Each structure stands twice: as C-alpha cells, then as structure tokens.
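Structure, as structure tokens:
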Amino acid sequence: MNTSNAEFLATKGGQAATGPQSDSTSPTKQPAPEMIGAEMLVHALHAEGVEYVWGYPGGAVLFIYDEIFKQDKFEHILVRHEQAAVHAADGYARATGKVGVALVTSGPGVTNAVTGIATAYTDSIPMVIITGNVPTYAIGEDAFQEADTVGITRPIVKHNFLVKDVNDLAVTLKKAFHIARTGRPGPVLVDIPKDVSATKGHFVYPDSLSMRSYNPVIKGHSGQIRKAVSLLQEGERPYIYTGGGIIMAEAAKELKEFAELLGYPVTNTLMGLGGFPGTHQQFVGML
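In the numbering used here, each number is its position in the sequence shown, counted from 1, plus 11.
In structure tokens:
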C-alpha cells in the first residue's frame, strides 16, 4: 500500500503527472495509457492507498465491480445494504483517521446511503462515496433507477462531482480525496455515469494538486489570535467549549495545558469526548 503513484503507474505502462498542478493535470512526456473509466477508478483508489472499499453491486456500477474483481490491491467488503456500506466506511475513518470509501449504485443505492453520508458530514468524517448513475445521455430523462444524486446529496457533503467525461475522472478522484481529508474533513461524493465507467480514456493521475477554488486555512491568523486572547481575558464567565477538532489534531495535551493555564471550566461536544480528562476538576461534562 506504500507504493508511490509513479511506481504504480510504471507497472501499468503509464506515468503520474509531475510538477505544480492546477485544476487540471499537466501534460506528460509519454502518452498516457488508455483504459476504461472503471479501471481508472481502481488504479486511483490504489494510488490513494485505499485498503478497503465497502459496497453493494447494482446495474450502474457493474463495470466497476468487474475491475474490482480483477485486482488484489485493496479488499472489497460486500454489505447487505448501502446504508451499511457508508456507516462501515465512516467507522473505518473514525478509527484510523484515513479516508473511508463506499461504493453504491444509482437511484435507490444513493438514497439508501443518505443517512450514513449525513452522519459523516455532521461529524466531519473524511469519506469518498463512489456512486453509479444512468448513462449521461439518460440523465434527466426519468431513466430506470435514476435519481438526482448531486441535488440530493448537496446539503450533506463537503463537495460532490458528476463526471461526464472519462478524461476528467482521474483528476476528479484526486480532488475528491484531497477535499475529504484536508481542512475540516468531510464526505465527498463522486457520481460516475455508467457510460463513463465503460468508455476508454487517457489515465493520468496527479501526484499533487492545487485547486484555486479550494484553499483550506492551515495556519492561524495573528490578528484573530490576538482577538481571541483579548476575548478570553475580558470574558466575565468564560469557559472552554471543545469539539472533534481536538481529537483530529491530537491536541489533547495542548488543550489540557491551555485549560490549566487559564483555570477556566471545560466542556465539549459529543465528538470532543476524550479530548479532555473526564476526571479533571475543571471538566463540567458534555453539552
């Protein structure tokens, strides 16, 4: 699972994109290998170090399942309901800190997954949900097992994509994993129509990615920090209210030092449990 993108693609006759990346991949010196979209997905999951995929088959993802059956780089875990697939991927992400991956079909497959996706969104859990869809020419035509996947999931995902061109699939998957795991984590959905899964295209998977429209803040702003300190000093009845960010950042030690320095009472959200000692004299319980 530690094979680099370049090493992996070399075994497949292709190469990873190198150098600075914009919202699209930069051109490569050698022709990119041709493969169907379903095979691109499998290679992308391996390049991202995915160990497990939870899923349930359906007509719109059969080409993807054919390619999963041929590979041995990650394990597919068959569930009995799409909701179970998403909840299992959610649990894996919570336990490991890695991006959980679920695979479901179109229509009822997507709607069955909604509760699990909403749970991950509420709790800021990094996940990538791969959904099948009807062929691109049938979208919006009330096709069998068609649903407005992008519209249905928009309120409960960090971002979602509808891939209409197989040559956009690789970079879209790279974006999905990048968005899911950076900044405030969350679920990202990639909707792949059946004809995109079956169509051949050129596979170039970028080693890095720069998205002009997505730049999560990773450093504190000095002015905001000074303002926060001022508010803490001037508060009449201050207390410290913490959440899951403490757990994600592994900042329990720093929180304890901060709380003891100020002497303020500490409470937390459900996702923040474990970030501050429950037996500490300053802990007032969960809100």
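Every residue gets a Cβ at the ideal spot worked out from N, C-alpha and C, and that includes glycine.
As the structure is a prediction and not an experimental result, all values here were calculated from the model.
Once DSSP output is grouped into helix, strand and coil, what is the label at residue i?
i, result
"G70", "helix"
"F155", "coil"
"M259", "helix"
"H92", "coil"
"H87", "strand"
"N178", "helix"
"L284", "coil"
"G120", "helix"
"P38", "Because P38 carries a pLDDT of 45, less than 50, the predicted location of this residue cannot be relied on, and no value is offered for it."
"V64", "strand"
"Q82", "coil"
"E245", "helix"
Cβ atoms of residue j and residue i: under 8 Å apart, would you say?
i, j, result
"S208", "F80", "no"
"F188", "E59", "yes"
"M138", "D83", "no"
"V112", "V121", "no"
"G254", "N279", "yes"
"D299", "A96", "Here the chain has residues from 12 to 298 only, and residue 299 is not among them."
"K205", "V145", "yes"
"A43", "S117", "no"
"G286", "L266", "yes"
"Y63", "E86", "yes"
"G212", "L180", "yes"
"I251", "A270", "yes"
Who are the near neighbours of residue i in its chain, counting only those whose CB is closer than 7 Å to its CB and skipping five residues on each side?
i, result
"V161", "N171, L173 and D202"
"V53", "E78, I79 and Q82"
"Q94", "N123, A124, T126 and G127"
Per DSSP, which residues does residue i bridge with? Please list them.
i, result
"V295", "Answer is none; V295 lacks a bridge partner."
"E45", "H213"
"Y252", "T278"
"P198", "M138"
"G111", "M138"
"L173", "D202"
Using a beta-carbon distance below 8 Å, is residue i in contact with chain B?
i, result
"E78", "The structure shown has no chain B; it contains just one protein chain."
The ligand MG and residue i: does any heavy atom of the ligand fall closer than 7 Å to the residue's C-beta?
i, result
"D179", "This structure lacks the ligand MG; in fact it carries no ligand of any kind."
For residue i, I'd like the list of residues in its chain whose CB is within less than 8 Å of its CB, leaving aside the five on either flank, ordered along the chain.
i, result
"H92", "Y67 and N123"
"T147", "K175, P204, D206 and V207"
| At what residue ranges does the segment 203 to 236 contain a whole run of the alpha helix (DSSP H), taking only runs of 4 or more? | Those alpha helix (DSSP H) runs which fall completely within the segment 203 to 236 and span 4+ residues are 205 to 209.
| request: Return the chain-ordered ranges of every beta strand (DSSP E) run that is complete within the segment 126 to 171 and spans a minimum of 3 residues. | output: 138 to 144
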